[in-house]
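Beneath this line is the structure, given in structure tokens, with notes to follow.
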Amino acid sequence: MTDVQKQDPNKTVLHAKHLEAGAKMVDFHGWEMPINYGSQIEEHHAVRQDAGMFDVSHMTIVDIKGDDAKAFLRRLVINDVAKLDVAGKALYTGMCNPEGGVIDDLIVYFFTDTDYRLVVNSATREKDLAWLNAQSADFDVTITERPEFAMIAVQGPTAKDKVATLLNDAQKAAVEGMKPFFSVQADDLFIATTGYTGEAGYEIALPAEQAADLWQQLLDAGVKPCGLGARDTLRLEAGMNLYGLDMDETISPLAANMAWTISWDDEDRNFVGKDVIAEQRAAGDQPKLVGLVLEEKGVLRSGLKVVTPHGEGTITSGTFSPTLGHSIAMARVPRAVKLEDTVQVEMRKKLVDVKVIKPSFVRNGKKVC
Amino acid sequence: MSNIPSELKYATSHEWVRNEGDGIVTVGITEHAQELLGDMVFVELPEVGDTVSTGDDCAVAESVKAASDIYAPVTGEIVEVNEDLEDSPELVNSDAFGDGWMFKVKLDDPAELDALLDAEGYQNSIDEE
């Protein structure tokens, strides 16, 4: 492997491995990424039943260090990083603009009060970095993007066991007994028990020049390469939001099933967007993001209109669920719509009945709804 | 490059047509079409006894990616549909020109077959897309 800095910026360091595995490549917000390696449904099942891996090197890793790192993040994100008191602990949350719209969702990894890591979306990389830099003006922090890292997500019920066969003794000891939403730096591997599938597994960041070797070792260990197609059906079954579809800068976290990622505990903490979101919360007038289930034929798709007795809503993400064998969706609907209600979706000029449930369909291989 | 069998006829809208003799043809979608659509999840077929005219949307192939209309490549009566697709829509992906067939039509006018593309003509129409 030669100097990774000379790689085309729109191809990850694993690009050649994808082609070698027969990937169909597509443009994903300026990155040439695998959509599938043949069948996205087979890839989906591999993650639910065994182990699959995703190249997520396009995602943006940003390290936040300095005396004010904690204070800066308590201002920046809607959850409270002060909750994090065990080294390696991770937190899912969002950062909002002053109007209370979601700029991005992200994971914060805590190491010390002066040392954090963020992983943000690739599609929002430029505006996120600009926002971070602008917001940091009054804080003593350094913000460092880490493009020299590749990242591989290994997910599925056997993912951890398969990864363990590739680790040295020190690394095995480091990940021993790790709970969900933790991370550890083990030699060159930054290993986190996070993911975007609803299965156990790791997200592993490592120096880009080592990524192709790890990918090959994982392949040899029986981990199936999975593309963005399966990534989308898996995250949707798990009820996880996709930025740009399920929320954006015009959407309140309260309307995106992200209320649980906001911390109100410390009344003195003034996070960006707090005033607006607090008002919305008191008024209780924001729409909400729910799950929809269609048990007959057909596939719910993003953008379709939802008709309810309380007014109209919109499907934000929809797909066929390979695990459940029917279609599922997330939809933003009036707050008065209740779980277990039957509402209608306009599909191919017909109104079709769908059931409203919590937006979580499958966890650890099993049906939730 | 997709497989395009030379013994079949084609429509530019990606259906293939096999002449079974006795005025009956079998219709499916091409290898190229299934590749574009991705994994098939539902196939909605016409009813046996329906009459269809060339260009009618008479079936729907719904994949993980999109719902796509299937157009009747010829005029006539539906005499058989592939019921295996009800439980195994993936046959369209795994064997587009074989077990993934969709329906059979009894032609009103057998001469209509001559108006369809041959393999070379279909290849050219794909290349122009």
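These protein sequence lines are chains A and B, in that order. In this text, residue positions in the first sequence follow this note's numbering: the first is 54, and each later residue adds one. In this text, residue positions in the second sequence follow this note's numbering: the first is 2, and each later residue adds one. The beta-carbon is built from N, C-alpha and C at its ideal position, and this holds for glycine as well.
How about residue i and residue j: are their beta carbons less than 7 Å apart?
i: K142 (chain A); j: F164 (chain A); result: no
i: P340 (chain A); j: R388 (chain A); result: yes
i: G337 (chain A); j: C149 (chain A); result: no
i: V134 (chain A); j: E198 (chain A); result: no
i: N132 (chain A); j: T314 (chain A); result: yes
i: V329 (chain A); j: V359 (chain A); result: no
i: K411 (chain A); j: G344 (chain A); result: yes
i: T361 (chain A); j: V390 (chain A); result: yes
i: T250 (chain A); j: A104 (chain A); result: no
i: H111 (chain A); j: T65 (chain A); result: yes
By the three-class DSSP mapping on this structure, what secondary structure does residue i have?
i: K64 (chain A); result: strand
i: G366 (chain A); result: strand
i: P340 (chain A); result: coil
i: P87 (chain A); result: strand
i: H379 (chain A); result: strand
i: I160 (chain A); result: strand
i: D427 (chain A); result: Coverage of chain A is limited to positions 54 through 422, which leaves residue 427 (chain A) absent and any answer about it impossible.
i: A176 (chain A); result: coil
i: T247 (chain A); result: coil
i: G282 (chain A); result: helix
i: R128 (chain A); result: helix
i: P387 (chain A); result: coil
i: L307 (chain A); result: helix
i: S355 (chain A); result: coil
i: R424 (chain A); result: The question about residue 424 (chain A) has no answer, for chain A in this structure spans 54 to 422.
Name the chain A residues that come within less than 9 Å of residue i, Cβ to Cβ?
i: G99 (chain B); result: Correct list: empty, because the minimum Cβ distance to chain A is about 18 Å.
i: A68 (chain B); result: G351, V352, R354, M400 and R401
If you draw a straight line from the C-alpha of residue i to the C-alpha of residue j, how long is it?
i: Q208 (chain A); j: E399 (chain A); result: 35 Å
i: M106 (chain A); j: V100 (chain A); result: 8 Å
i: M103 (chain B); j: E121 (chain B); result: 23 Å
i: M54 (chain A); j: M383 (chain A); result: Any reading at M54 (chain A) needs caution, since the residue's pLDDT is 39, under 50, leaving its predicted position unreliable; the model's value is listed next. Going by the C-alpha atoms only, they are around 42 Å apart.
i: G378 (chain A); j: I368 (chain A); result: 19 Å
i: Y255 (chain A); j: T246 (chain A); result: 5 Å
i: G29 (chain B); j: D57 (chain B); result: 15 Å
i: S355 (chain A); j: E16 (chain B); result: 27 Å
i: P375 (chain A); j: D110 (chain B); result: 42 Å
i: W184 (chain A); j: P151 (chain A); result: 12 Å
i: N4 (chain B); j: E348 (chain A); result: 35 Å
i: G83 (chain A); j: K77 (chain A); result: 16 Å
i: I257 (chain A); j: E21 (chain B); result: 56 Å
i: P74 (chain B); j: K403 (chain A); result: 26 Å
i: G75 (chain A); j: S413 (chain A); result: 32 Å
i: H68 (chain A); j: G280 (chain A); result: 12 Å
i: A124 (chain A); j: F192 (chain A); result: 8 Å
i: S95 (chain B); j: G101 (chain B); result: 7 Å
i: Q124 (chain B); j: A283 (chain A); result: 30 Å
i: V405 (chain A); j: V346 (chain A); result: 11 Å
i: Q58 (chain A); j: P200 (chain A); result: Note on Q58 (chain A): pLDDT 45, under 50, position unreliable in the model; no value is reported.
i: D56 (chain A); j: L259 (chain A); result: Summary for D56 (chain A): the model assigns pLDDT 43, below 50, so the residue's position carries little reliability, and this model does not support an answer.
i: Q93 (chain A); j: K277 (chain A); result: 11 Å
Interface residues of chain A around residue i at Cβ under 8 Å?
i: E45 (chain B); result: K350
i: V106 (chain B); result: Result: empty, since nearest Cβ-Cβ is about 23 Å, beyond 8 Å.
What residues of chain B sit near residue i, judged by a beta carbon separation below 7 Å?
i: Q93 (chain A); result: G39, D40 and V65
i: N81 (chain A); result: It is worth fixing the name first, because residue 81 (chain A) is Phe in this sequence and not Asn. Near F81 (chain A) there are no residues of chain B at all, since even the closest Cβ is about 14 Å away, more than 7 Å.
Going along chain B in order, which residues have a C-beta closer than 8 Å to the C-beta of residue i?
i: T286 (chain A); result: V65
i: T197 (chain A); result: None at all; the shortest Cβ gap to chain B is about 38 Å.
Just the chain B side, please: which residues come within less than 9 Å of residue i by C-beta, in chain order?
i: G282 (chain A); result: G39, D40, V65 and K66
Handout entry: Residues from the segment 58–92 of chain B in contact with chain A, defined by Cβ distance under 9 Å
Key = V61, E63, S64, V65, K66, A67, A68 and E91
Practice task
Compile a chain-ordered list of the residues in the segment 235–260 of chain A whose CB is closer than 8 Å to at least one CB of chain B.
Solution key: Residues: none.
Handout entry: Interface residues of the segment 358–377 of chain A facing chain B [CB-CB below 9 Å]
Key = T372, F373 and P375
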